[in-house]
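Per my numbering, the very first residue in the sequence shown carries number 201; after that it's consecutive.
The beta-carbon is built from N, C-alpha and C at its ideal position, and this holds for glycine as well.
The structure appears below as structure tokens.
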Amino acid sequence: MVTGPGTAPGERIPFARTEICGEAVDAVTKVLTSGWLTSGPQVAAFEEEFSRWVGTEHAVAVSSCTAALELSLRSLHLRAGSPVLVPTITFCGAVNAILHAGLRPVLVDADPDTLMPDAQTTARAVARGGSPAAMVALHYAGHPAPVEETASAAGLGLDRVVEDAAHAAGTVAGGRPVGALSAATCFSFYATKNLAIGEGGMVTTGLAEVADYVRRCRLHGISRDAWRRHGPGSSWGYSVDYAGLKANMTDVQAAIGRAQLQRFPETQARRGAIVARYDRGLAEIPGLQRPARPEHGGHAWHLYVVQVLPEFGVSRDELFTKLGEQGIDCSVHFIPNHQQPYLRKLLGEGVDPARFPAAEAVSRRIVSLPLYPALRDDQVDRVCQAIADVARGGRSGRPGNRQRSTSANGAGSVRVRKDPVR
Ligand SMILES: *Cc1c(COP(=O)(O)O)cnc(C)c1O
């Protein structure tokens with residue numbers, strides 16, 4: 201292998217690296233000198249381009265995916281305290297959005313391969329928690345979620361589903377990009393996401409009333425934002441119709457987003473190439489389960505999540521530490537929410553670990569490997585080699601160090617597909 205500059209064994213491989221393209225840098229300079237920095241013509245253009253890209257009628261830009269989720273849930277006008285299904289394996293912000301919308305989260309266990317709720321785990325959560333008023337569906341890692349099956353298992357129409365598409369820019373489901381199926385789909389442009397601005401979010405919907413509500417409530421509930429009051433051909437009047445949030449996107453962010461969207465096919469292609477390289481590099485390592493492939497649709501590959509099984513020879517935690525010692529940073533997506541102290545206080549028996557056998561088991565197995573367009577082939581190879589070395593070290597000698605069976609907490613019922621790569 202050719203070792204170029206910066207490929208020394210000691211070079212650190214960060215878990216994530218935000219890349220903003222040159223066109224975005226130029227566009228930001230223009231906005232900064234234009235005299236209009238907050239939500240204005242750049243936001244309007246980004247919304248127009250994003251809705252066309254997703255193939256949906258409306259797109260409303262907001263400050264984050266978390267705000268997008270809260271505003272989308274509020275737009276459904278559910279009774280205060282109504283139960284809302286949400287995966288236990290998700291980012292805490294998605295659960296917080298339910299609480300901030302005045303609703304009650306009901307956590308749902310995962311399928312151990314896709315790491316997302318399926319019809320069975322959803323039906324179990326409904327049997328225990330009662331009929332939900334709505335559901336937040338997550339396209340975990342960029343893998344399309346079984347939205348229709350889980351909604352039907354929950355007895356909900358798609359107009360009561362909000363999709364968390366924080367990982368799903370570029371995910372394809374039912375032959376089309378994610379973003380036009382349910383009441384509202386919420387995207388994230390956070391720094392580590394596959395369509396990055398730094399911070400930002402978007403709600404896409406085919407429902408005019410949802411779009412209208414989110415558009416008002418992202419900016420205090422005011423009927424017409426500043427651009428519409430003070431932009432060309434506008435008038436100054438407005439009314440406040442709701443106690444909204446302050447969650448608008450600025451023109452600076454939108455200018456970055458527009459340029460990043462132009463370049464998105466290219467960065468996604470690079471992600472696909474890295475994934476194929478990981479697949480090859482990790483295929484021969486016993487006890488290392490590679491990510492599940494969608495049976496239908498397309499994966500956006502926001503994350504590459506492997507599972508460390510007992511046959512690997514050392515535990516996930518030990519692998520994580522060993523990789524860190526070699527300068528390879530990984531992550532875990534996510535610590536299940538039912539393990540979080542504030543939800544344990546809030547939800548009582550709704551966080552009983554016995555309700556989440558698969559999440560309990562996989563939360564001790566999952567590792568997210570570095571995955572971003574700037575990751576070089578030789579760095580991917582180094583990650584694969586380091587994992588193979590840790591596995592070999594774990595299997596040779598040191599039997600006392602072997603990972604114990606993960607069957608505590610009822611996880612013995614978890615089925616593990618031998619070769620998840622189809
Ligand atoms: C990142 C993330 C969010 C929150 O996105 P922000 O734009 O940072 O608010 C929500 N859900 C999931 C699953 C995420 O990974």
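So, with DSSP's three-state summary, where would you put residue i?
| i | result |
| --- | --- |
| K446 | strand |
| S435 | coil |
| C292 | helix |
| A559 | helix |
| D589 | helix |
| E495 | coil |
| A208 | Low confidence applies to A208: its pLDDT is 49, below 50, so where it sits in the model is not reliable, and the reading given next is rough at best. It is coil, neither helix nor strand. |
| H277 | coil |
| E525 | helix |
| T233 | coil |
| H300 | helix |
| Q540 | coil |
| A623 | Absent from the model: residue 623. The displayed extent of the chain is 201 to 622, so no value can be given. |
| T405 | strand |
| R595 | helix |
| R376 | strand |
| V624 | The first residue shown for the chain is 201 and the last is 622, placing residue 624 beyond what the model contains. |
| A224 | helix |
| P344 | coil |
| P287 | strand |
| L381 | coil |
| V551 | helix |
Of the residues the options, which one's Cα is nearest the Cα of residue i?
| i | options | result |
| --- | --- | --- |
| I474 | G594, C584 and T404 | C584 |
| R516 | T290, L546, I587 and F464 | I587 |
| E257 | R360, Q320, G222 and D412 | D412 |
| P187 | T266, H300 and A334 | Nothing about residue 187 can be reported from this structure: the residues present for the chain run from 201 to 622 only. |
| R565 | G472, E211, R360 and F512 | F512 |
| A297 | M316, L285, T266 and L276 | T266 |
| P214 | Q579, W436 and A554 | Q579 |
| G281 | G293, R471 and L303 | L303 |
| R526 | A227, V590 and P465 | A small fix is needed here, since residue 526 is Gln in this sequence, not Arg. Nearest option by C-alpha distance: V590. |
| A476 | C530, P491, L278 and E466 | P491 |
| H339 | S331, E348 and P332 | E348 |
| I422 | V410, G437 and G329 | G437 |
| A373 | A396, G548, S439 and V254 | V254 |
| L278 | C221, R360 and G235 | R360 |
| R358 | G375, R376, A380 and G370 | The amino acid occupying residue 358 in the given sequence is Leu; Arg does not appear at that position. When each option's Cα is compared against that of L358, the closest is A380. |
| L569 | S239, S331, V286 and V532 | V532 |
| E582 | D529, L419 and T238 | The sequence shown places Arg at residue 582, not Glu. Of D529, L419 and T238, the residue nearest in Cα terms is D529. |
| S239 | R576, T322 and L419 | L419 |
| L519 | G593, E211, A554 and G400 | G593 |
| A325 | F246, D552 and Q242 | D552 |
Closer than 6 Å: is that where the CB of residue i sits relative to any heavy atom of ligand 1?
| i | result |
| --- | --- |
| Y390 | yes |
| S382 | no |
| D364 | yes |
| G293 | yes |
| C417 | no |
| C221 | no |
| C265 | yes |
| G401 | yes |
| T290 | yes |
Is there a Cβ from chain B that is less than 7 Å from the Cβ of residue i?
| i | result |
| --- | --- |
| A268 | Given the protein chain composition of this structure (a single chain), no chain B is represented. |
Starting from residue i, follow the beta strand (DSSP E) in both directions and report where the run begins and ends.
| i | result |
| --- | --- |
| I397 | First-last for I397: undefined, no H or E at that position. |
| F387 | A384 to S388 |
| R304 | R304 to V308 |
| D412 | No beta strand (DSSP E) contains D412, which is instead part of the alpha helix (DSSP H) from A408 to C417. |
| H258 | H258 to V262 |
| I566 | I566 to L569 |
| V361 | V361 to A365 |
| L338 | A334 to L338 |
Which residues bound the alpha helix (DSSP H) around residue i?
| i | result |
| --- | --- |
| Y478 | D451 to L482 |
| S251 | P241 to V254 |
| S352 | V347 to A353 |
| A426 | A426 to H430 |
Please indicate yes or no: does the CB of residue i lie closer than 6 Å to some heavy atom of ligand 3?
| i | result |
| --- | --- |
| L303 | Only ligand 1 can be found as ligands here, which leaves ligand 3 out of the picture. |
Query raised in the report: Given 8 Å as the limit, is there contact between the segment 494 to 509 and the segment 334 to 348, that is, 3 or more CB pairs closer than that?
Result: yes
Query raised in the report: Would you call the segment 349 to 368 and the segment 384 to 404 touching, i.e. three or more CB-CB distances under 8 Å?
Result: yes
Query - Any 3 or more C-beta pairs closer than 8 Å across the segment 264 to 280 and the segment 396 to 410 - result: yes
Report task. Give a yes or no on contact between the segment 546 to 562 and the segment 308 to 315, applying the rule of three or more CB pairs nearer than 8 Å. Result -> yes
**Report entry** Three or more C-beta pairs below 8 Å linking the segment 348 to 364 and the segment 316 to 325
**Finding:** yes
Query raised in the report: Is it a yes or a no for the segment 436 to 448 touching the segment 540 to 548, going by three-plus beta-carbon pairs under 8 Å?
Result: no
Query raised in the report: Within the chosen definition, does the segment 456 to 472 reach the segment 426 to 437 through at least 3 CB pairs nearer than 8 Å?
Result: no
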